[in-house]
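Since the structure comes first, as structure tokens, the remarks are kept for the end.
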């Protein structure tokens, strides 16, 4: 697949990836934790029911050697100035325990970004006009052959999406807009039980259940897989 690098040159990225990085917020990594075997999506009933898992499984049917890394993007979304964006990029990520930038190595060939929901005040929205460009530029500097897609819309406002869509168009990045999936039947439910990687179970707080439930995650994954066109 042809992509364009930061210098405007055509580059080739594999349609079937070998090394994948997921970047997201609580919809990617809102439950679990390193002390329970890893992070997964809020409000999935288990790590094997969120969108990342479904996307991983689809990729593995085509490349059994593919490897996957998750990076928490909350620090990017919550930034209100570029110093904070740079601190997130250069600082230790809560998932990997290493600088966020270290996840983006030269052999990464797919980056799936799911951000926008927590860019929820005027300062964050205004910064997005700059921070989006900086993030994509940084990723392409570190991972020049990576194919990038951007998912948004479960929670984020229309203004966010207008900026994200425009920036995706500028960078020739597919944009997967999932707003239409945020319906009651696709959300979590009151009293639902989730089982973490280590087998520990807990009742998901009602304050979380506006996030995707199992059905919502599967539909999000379907949209991502369709956009990947593998």
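Residue numbers (my numbering): 1 to 230. Positions of the beta carbon are idealized from the N, C-alpha and C atoms, including for glycine.
(request) For residue 154, name the three-state secondary structure that DSSP assigns. (result) coil
(message) Tell me the rounded alpha-carbon separation between residue 225 and residue 56.
(response) 10 Å
(request) Buried or exposed for residue 42, please, with buried defined as at least 16 other CB atoms from any protein chain shown within 10 angstroms of its CB. (result) buried
(message) Looking at the secondary structure, which residues open and close the alpha helix (DSSP H) in which residue 100 lies?
(response) Note, residue 100: premise wrong, no alpha helix (DSSP H); not H, not E.
(request) List the DSSP bridge partners of residue 187. (result) 212
(request) Can you tell me which of 199, 139, 185 puts its alpha carbon nearest to the alpha carbon of residue 46? (result) 199
(request) Would you mind sorting residue 2 into buried or exposed? The rule is 16 or more other CB atoms within 10 Å of its CB. (result) Only weak support exists for where residue 2 lies, its pLDDT of 42 falling under 50; the value from the coordinates is given anyway. Under this definition residue 2 is an exposed residue.
(message) Per DSSP, what are the beta-bridge partners of residue 161 in this structure?
(response) Answer is none; residue 161 lacks a bridge partner.
(request) Could you confirm whether any beta carbon from chain B is found closer than 7 Å to the beta carbon of residue 77? (result) Absent here is chain B; the protein component of the structure consists of one chain.
(request) Give, in chain order, every unbroken run of the beta strand (DSSP E) that is at least 3 residues long and sits entirely within the segment 20-102. (result) 31-33, 38-40, 67-72
(request) Taking residue 176 as part of the beta strand (DSSP E), name the residues at either end of that continuous run. (result) 175-177
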